[in-house]
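In the numbering used here, the protein residues as written are 39 to 363.
Backbone N, C-alpha and C define an ideal beta-carbon position, used for all residues, glycine too.
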Amino acid sequence: MRILVTGAAGFIGFHTAQKLLDRGDTVIGIDNLNDYYDPALKQARLDQLIRREGFHFYKEDLASPDIVARVFNDEKPDIVVHLAAQPGVRYSLENPHAYIQSNIVGHLNVLEGCRHSDSVQKLVYASSSSVYGGNTKQPFSVDDPVDHPVSLYAATKKSDELMSHCYAHLYGIKAVGLRFFTVYGPWGRPDMATDLFIGAISRGQPIKVFNNGDMRRDFTYIDDVVSGIFGAMDFDMKPDDYGVNHAVYNLGNNRSEDLNDYILEIEKAVGKDAIKDFMPMQPGDVKETYADIDASRRDFGYNPQTPISKGIPKVVAWYQNFYKV
Ligand SMILES: NC(=O)c1ccc[n+]([C@@H]2O[C@H](COP(=O)([O-])OP(=O)(O)OC[C@H]3O[C@@H](n4cnc5c(N)ncnc54)[C@H](O)[C@@H]3O)[C@@H](O)[C@H]2O)c1
39 MRILVTGAAG FIGFHTAQKL LDRGDTVIGI DNLNDYYDPA LKQARLDQLI
89 RREGFHFYKE DLASPDIVAR VFNDEKPDIV VHLAAQPGVR YSLENPHAYI
139 QSNIVGHLNV LEGCRHSDSV QKLVYASSSS VYGGNTKQPF SVDDPVDHPV
189 SLYAATKKSD ELMSHCYAHL YGIKAVGLRF FTVYGPWGRP DMATDLFIGA
239 ISRGQPIKVF NNGDMRRDFT YIDDVVSGIF GAMDFDMKPD DYGVNHAVYN
289 LGNNRSEDLN DYILEIEKAV GKDAIKDFMP MQPGDVKETY ADIDASRRDF
339 GYNPQTPISK GIPKVVAWYQ NFYKV
C-alpha cells in the first residue's frame, strides 16, 4: 500500500512511518520541519526514515493548496494518515495564527486532496482529547458533547472533525478521526511534560507542576497509539445512521493517572528526586483527562498494553542516550 503520512518528521508521524515501512508499505512523508520546537530533533527522526527503502519525503507546507494537490496527484496514495498540526495548548495563546494555518487551512487542503483523488480509500487524521474541554463526566466518551473548547488548539481540532464529517458526507470520503490522549514515548516532543520532567530531573533542575499537582492525565504510550492508528487504517468501516463514513475514536490508555504518581515513576527511572515548583493552573489547560475506549476496542480491536511503569523507563533510557545527560 502507498501511505501518505503528514507530519512524518513529528513524534507520532515518525513512529507511524517506521512501523508502516516495517510491514512493507511505501510511505510518502510530508513535513515543513517548522521550528515550534528544535528542528534538529525533527531532522534526526527524518534521518532515520530517509535511509529506509520505500520512504519518499517532501519538505513542504500543508497550508499551500497547490503543493498538497501536486503531492496527491503525483503520489496517488491509497491511505492518508494526517498527523501534521500545530500542537500544544499553551502556545495557542501566543501564536493563534499558526493554528489556523496548519490545523484549519492545512486540514482543508488534505480534505481537498482526498476529494479530488481517485486512489485514496481512507483518511485517518489526528484529533485530540482537548476537544473534551471542560467536560466533567469521566471517562470521556465519544458520545459526550464537545461544544465547550477551552483553547484555540481544541477549537481547531473540533473544527477538523466537523470539516471531515462534511467532506465524508459530500464526497463519500471514508474518514476516521483519532482523539489522542497525552502521548509519550522515545523521540517524544520536548515541549511536553514527560520530556521536560525527565530533562530537568536528570539535570537537578526544578520542574513546574501546574495546578499544584492536582491534575490527572490519561498517558498513552506511543506503541499503543501506533497500533490504534493501524487499527483505524485497516478496519472495514461502515456508514453511520446518516449514511456517512466518518467516525471519531478515543486512543487513550483507559487509566487516569495522578500527576504526582507520573512524576514518581520518572524519579524512579532517573534515580533522582524532583525539585517541584508548584504553579497555578495554566489558562487553556484541563484538570483531568480519562479516555473511554469502548468504541475503538469494539470497532478495531484497540487494546493498549503499556502501563506507565513500563513506558517511562523506556523514554528515560532514550532521553538520556539521545541528549547525553
Ligand atoms: N502528542 C500528543 O500527546 C498529542 C495529543 C493529542 C493530539 N495530538 C495530535 O497528533 C498529531 C501529531 O502530534 P505530535 O505529538 O507528533 O506533534 P509534532 O509537532 O511532533 O508533529 C507534527 C509535525 O507536523 C509538522 N507540521 C506542522 N504544521 C505543518 C504544516 N503546515 N505543513 C507541514 N508540516 C507541518 C511539524 O513540523 C511536526 O513535525 C498532531 O495533529 C497533534 O495535534 C498529539
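Separation of glutamate 303 from alanine 312, as counted between CA atoms: So the alpha carbons of these two residues sit roughly 11 Å apart.
Straight-line Cα distance separating arginine 255 from glutamate 295: Whole-angstrom Cα-Cα distance: 5 Å.
Endpoints, alpha helix (DSSP H) assigned at leucine 131: Annotation: the continuous alpha helix (DSSP H) that includes leucine 131 extends over 129-132.
Exposed unless 16 or more other CB atoms sit within 10 angstroms - verdict on phenylalanine 316: By the neighbour-count rule (16 or more Cβ atoms within 10 Å), phenylalanine 316 is not buried but exposed.
Residue range of the beta strand (DSSP E) that includes tyrosine 364: With the chain covering 39 to 363 only, the question about residue 364 has no answer from this structure.
Buried/exposed call for aspartate 99, threshold 16 Cβ in 10 Å: By the Cβ-count criterion, aspartate 99 is buried, with 16 or more other Cβ atoms from all chains shown falling within 10 Å of its own Cβ.
Distance cut-off 7 Å: tyrosine 361 Cβ against heavy atoms of ligand 1: Distances between the C-beta of tyrosine 361 and the heavy atoms of ligand 1 are all 7 Å or more.
Glutamate 331 versus Glu305, Val286, Lys325, residue with shortest Cα-Cα distance: Looking at the sequence itself, residue 331 is isoleucine, so the reference to glutamate does not match. It is Val286.
Straight-line Cα distance separating histidine 120 from isoleucine 41: Isoleucine 41 and histidine 120 have their C-alpha atoms spaced approximately 10 Å apart.
Identified DSSP bridge partners for leucine 216: DSSP, once it has assigned bridges, lists Ala164, Tyr287 as partnering leucine 216.
Whether leucine 131 touches proline 321 by CB criterion (8 Å): In contact: leucine 131 and proline 321 (Cβ atoms closer than 8 Å).
Whole-number beta carbon distance between glycine 172 and valine 188, since they are thought to touch under 8 Å: Sure, about 6 Å apart at Cβ, within 8 Å.
Reduced DSSP secondary structure (H/G/I, E/B, other) of glycine 67: In the structure shown, glycine 67 sits in a strand (DSSP, three-state: E or B).
Cutoff 8 Å; reference alanine 78; Cβ partners in own chain excluding five residues on either side: The beta carbon of alanine 78 sits closer than 8 Å to no other beta carbon from its chain once the five residues preceding and following it are set aside.
Where tyrosine 423 falls: helix, strand or coil (DSSP): No answer is possible for residue 423: the residues shown for the chain start at 39 and end at 363.
Per-residue burial, arginine 227 [other beta carbons within 10 Å of its own, 16 or more giving buried]: With 16 or more other Cβ atoms from the protein chains shown falling within 10 Å of its own Cβ, arginine 227 counts as buried.
Proximity of phenylalanine 268 and isoleucine 346 at Cβ, strictly below 8 Å: Taking 8 Å as the Cβ cut-off, phenylalanine 268 and isoleucine 346 do not qualify as a contacting pair.
Residues of its chain near serine 364, where Cβ-Cβ distance is below 7 Å and the 5 sequence neighbours each way are ignored: No information on residue 364 is available, as it lies outside the stretch 39 to 363 that the chain covers here.
Local conformation of histidine 145 per DSSP, three classes: If DSSP states are grouped into helix, strand and coil, histidine 145 belongs with the helices.
Distance between beta carbons of arginine 128 and serine 167, contact taken as under 8 Å: Going by Cβ atoms, the distance from serine 167 to arginine 128 rounds to 15 Å, so no, they are not a contact pair.
Bridge-paired residues (DSSP) for tyrosine 259: According to DSSP, which records beta bridges pairwise, tyrosine 259 is partnered with Tyr222.
At least 3 beta-carbon pairs within less than 8 Å: the stretch 192-209 vs the stretch 142-150: These segments touch.
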